[in-house]
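Just so you know, the working numbering puts 284 at position 284 of the sequence shown, and the rest follows in order with no gaps. Worksheet: one structure, shown below.
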Amino acid sequence: MIETPVIIVGGGPVGMNLALDLAWRDVPCMLVNEPKTTPNHPQGNTHNARTMEIYRRLGIANRMRDVGLPMDHCGDAIFVTRINSHEIGRIRIPTLRERLTPGSFDLEIGPEPLQRASQMFVERILKEELDTRDTVDMRFGWKMTGFAPAEDGVTVDIENVETGETETVSCGYLVGCDGGRSTIRRSLGIEYDGKSGEEVDFMMGQMLSVYFYAPALYDVMKTDAPWQFHSMNPEGRASIVALDGKGHFLTWAKLEPGQDAETLDPRPYIWRVVGEEIPVEILSSKPWQAGLSLVADEYQRGRVILAGDAVHLFTPTGGFGMNTGVGDAENLGWKLAAWHDGWAGDGLIDTYETERRPVAIRNLAQSYALAQAKSSLSVPQGIEDETPEGEKLREDLGARTEEALAEEYFSMGIQLGARYDDSPIIHAEEGEIRTSDPFTYVPTAWPGGRAPHRWLSDGTALFDHFGKGFTLLRLGGTAADTTALEQAAAEKGVPLTIFDEPDPETRALYEADLALIRPDQYVAWRGQAVPDDPATLIDLVRGS
């Protein structure tokens with residue numbers, strides 16, 4: 001029997017992020033994924049600022065910048081009757097170069113702006129990185145055939161899909177990142193709760209996504225080439241997303257009742273958006289269900305844990321689904337490492353559900369609200385008429401569209417503002433928390449939130465100085481004696497990095513002389529001096 005500390009089932013972005021995080025922390029694991037290769041059909045297109053911060057910590061953010069849209073590609077979302085006809089609205093979104101320019105809004109609130117890159121391209125990079133990690137036993141082309149939980153671990157049966165070879169593996173924890181149809185979740189009898197997608201005009205119900213190559217599309221555009229086109233005309237609504245700025249696109253449209261996605265020719269959908277027949281090479285197509293807003297009743301059952309789509313299913317509006325799953329992996333990774341390294345308290349792993357499930361519920365609610373706003377927009381007859389009346393209809397719909405949908409593209413509160421205020425491993429403070437709304441991020445070092453970002457005098461980011469374990473920030477040139485806290489951490493085996501940052505502006509941002517940062521870059525505690533009983537604080541933050 002093979003033994004490994006952690007088995008991850010499901011090699012999508014969440015499973016691979018968890019494996020990379022564990023490898024970064026020198027924790028061996030096995031990653032089991034039934035397909036032999038990563039997908040060749042595009043899915044999520046936005047890797048938000050927090051996800052890019054995680055990639056920065058793992059040392060792969062620059063690789064992610066090399067895929068997706070070019071630096072100067074227009075980032076706007078444009079609303080048209082058809083691509084070769086009228087533009088009726090536009091939401092202006094910075095290019096990647098603008099985001100990466102020193103002094104930009106993005107770089108004021110974080111070290112890494114979001115990246116527009118298809119999940120298809122990103123998953124290839126994640127797998128390439130994992131293939132170089134000696135601590136990860138990569139089992140692409142293997143499937144889990146069964147598992148048996150016990151009090152102190154899980155026994156997992158796996159099978160090579162091609163050869164039929166079987167192996168039995170013993171692990172301390174089994175993590176199911178096996179998607180919305182999770183075999184592991186269903187085997188445990190854990191149910192989803194929420195909304196499963198009502199049938200309305202658009203972004204609800206049965207949809208079809210099509211990956212295609214059509215460089216001629218650029219020749220018929222009446223505008224500059226944006227990131228997104230949204231077509232709105234009486235024949236129906238559809239969207240087209242640029243994937244690489246070189247002619248590869250993804251479109252999605254509503255499937256009508258009775259249409260078979262397997263036999264349907266998707267080119268008329270594309271031509272309807274374009275406004276004329278252009279050469280189109282269909283690379284792949286895939287049906288999917290929009291309007292989902294589902295969260296699992298439980299994230300963990302003993303030594304079996306679930307993450308990503310296995311515990312939450314989103315409609316794609318806002319781009320929250322995959323990014324929420326990456327946040328799951330980040331939260332879980334350091335806790336599994338603490339268990340493996342022997343310094344986790346008995347309750348630490350259990351805080352994964354306590355912290356992450358409320359975040360999923362918050363993000364699901366916002367994504368669903370955005371989908372409803374998009375689906376509620378009706379397209380009037382006559383909008384394509386070349387008359388004063390048609391022009392007025394276009395102006396009115398454009399104004400309504402920009403007002404209703406602008407929030408979808410500006411969600412910094414969702415990206416950076418997740419909080420764990422009810423977590424038992426956060427040292428709570430009394431008073432009123434300055435929380436972020438979904439669209440406005442408010443930097444605060446109030447315990448329970450992401451540590452605020454600062455650029456330091458040497459040009460590095462404060463985040464770059466955080467350790468793999470906990471980090472104690474000594475701010476503003478404080479003379480506070482931290483010896484007792486350092487000793488308390490050492491006695492419990494808790495890894496602790498000390499970092500002195502004398503800049504008074506950083507001290508003002510954190511509103512404290514000392515701040516204890518968790519391994520996932522969240523604030524666990526802050527204060528003007530070490531507590532009288534530092535061992536109690538260390539026990540709290542390690543879940544004891």
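Beta carbons: idealized from backbone N, C-alpha and C, even for Gly. For clarity, every value in this text was computed on a predicted model and none was experimentally measured.
Taking the alpha helix (DSSP H) that residue i belongs to, which residues open and close that run?
| i | result |
| --- | --- |
| ILE158 | Careful: ILE158 lies outside any alpha helix (DSSP H), inside the beta strand (DSSP E) at 153-160. |
| HIS312 | From DSSP, HIS312 is part of no alpha helix (DSSP H) but of the beta strand (DSSP E) over 312-314. |
| THR263 | Unbroken run through THR263: none, as it is neither H nor E. |
| ILE609 | Absent from the model: residue 609. The displayed extent of the chain is 1 to 544, so no value can be given. |
| SER187 | 183-188 |
| VAL220 | 217-220 |
| GLU98 | 96-99 |
| ILE109 | 105-109 |
Less than 8 Å separating the beta-carbons of residue i and residue j?
| i | j | result |
| --- | --- | --- |
| ASP244 | GLY68 | yes |
| TYR522 | GLY476 | no |
| ILE383 | ARG400 | no |
| ALA428 | LEU18 | no |
| GLY113 | MET52 | With the sequence shown as reference, residue 113 is identified as Pro, and Gly is not the correct amino acid for it. In contact: PRO113 and MET52 (Cβ atoms closer than 8 Å). |
| ASP76 | ARG97 | no |
| TYR352 | LYS374 | no |
| VAL136 | CYS29 | yes |
| ILE2 | GLU191 | no |
| LEU31 | LEU130 | yes |
| ILE83 | VAL274 | yes |
| ALA558 | ARG542 | Past the edges of the chain, shown from 1 to 544, lies residue 558, and the structure says nothing about it. |
| GLU262 | TRP271 | no |
| ASN45 | ARG116 | yes |
| ASN331 | ARG356 | yes |
| TYR55 | ALA61 | yes |
| THR315 | ALA296 | no |
| GLY12 | GLY179 | yes |
| THR488 | ALA535 | Checking the displayed sequence, the identity of residue 488 turns out to be Ala instead of Thr. In contact: ALA488 and ALA535 (Cβ atoms closer than 8 Å). |
| ALA480 | ALA529 | yes |
| SER284 | GLY194 | no |
| LYS143 | GLU159 | yes |
Counting along the chain, where does the beta strand (DSSP E) carrying residue i start and finish?
| i | result |
| --- | --- |
| MET612 | With the chain covering 1 to 544 only, the question about residue 612 has no answer from this structure. |
| LYS254 | 248-254 |
| VAL241 | 236-242 |
What is the DSSP secondary structure of residue i, counted as helix, strand or coil?
| i | result |
| --- | --- |
| ASN84 | coil |
| TRP446 | coil |
| PHE229 | strand |
| PHE545 | With the chain running from 1 to 544 in the structure shown, residue 545 is simply not present. |
| SER209 | strand |
| TYR420 | coil |
| LYS492 | helix |
| ARG526 | strand |
| LEU537 | helix |
| PHE121 | helix |
| ASP328 | helix |
| ASP503 | coil |
| ALA508 | helix |
| LYS195 | strand |
| PHE202 | Per-residue confidence for PHE202 stands at a pLDDT of 48, beneath the threshold of 50, marking its modelled position as unreliable; no derived number is given. |
| GLU167 | strand |
| GLU3 | strand |
| ASP532 | coil |
| ASP464 | helix |
| ALA214 | coil |
| TYR269 | helix |
Query raised in the report: For the segment 19-38 against the segment 101-118, are there 3 or more C-beta pairs whose distance is under 8 Å?
Result: Contact between the segment 19-38 and the segment 101-118 is absent, because fewer than three Cβ pairs lie under 8 Å.
Query - Continuous beta strand (DSSP E) assignments of at least 3 residues falling wholly in the segment 5-63 - result: 29-33
Report task. Spell out a yes or no on whether the segment 465-479 and the segment 517-534 are touching, meaning 3 or more CB-CB pairs, one atom from each, closer than 8 Å. Result -> Flag = yes, the segment 465-479 and the segment 517-534 touch.
Query raised in the report: Taking only runs of the alpha helix (DSSP H) that begin and end inside the segment 333-404, which ones reach a length of at least 4 residues, in chain order?
Result: If we require 4 residues or more, the alpha helix (DSSP H) runs fully inside the segment 333-404 come out as 351-375.
Query raised in the report: How do the segment 239-259 and the segment 210-224 stand: do at least 3 beta-carbon pairs fall below 8 Å, yes or no?
Result: Contact between the segment 239-259 and the segment 210-224 is present, with at least three C-beta pairs closer than 8 Å.
Query raised in the report: Can you list, in chain order, the stretches of the alpha helix (DSSP H) that have 4 or more residues and sit fully within the segment 271-321?
Result: none
**Report entry** the segment 440-449 touching the segment 497-505, judged by at least three CB pairs closer than 8 Å
**Finding:** With contact defined as three or more Cβ pairs closer than 8 Å, the segment 440-449 and the segment 497-505 are not in contact.
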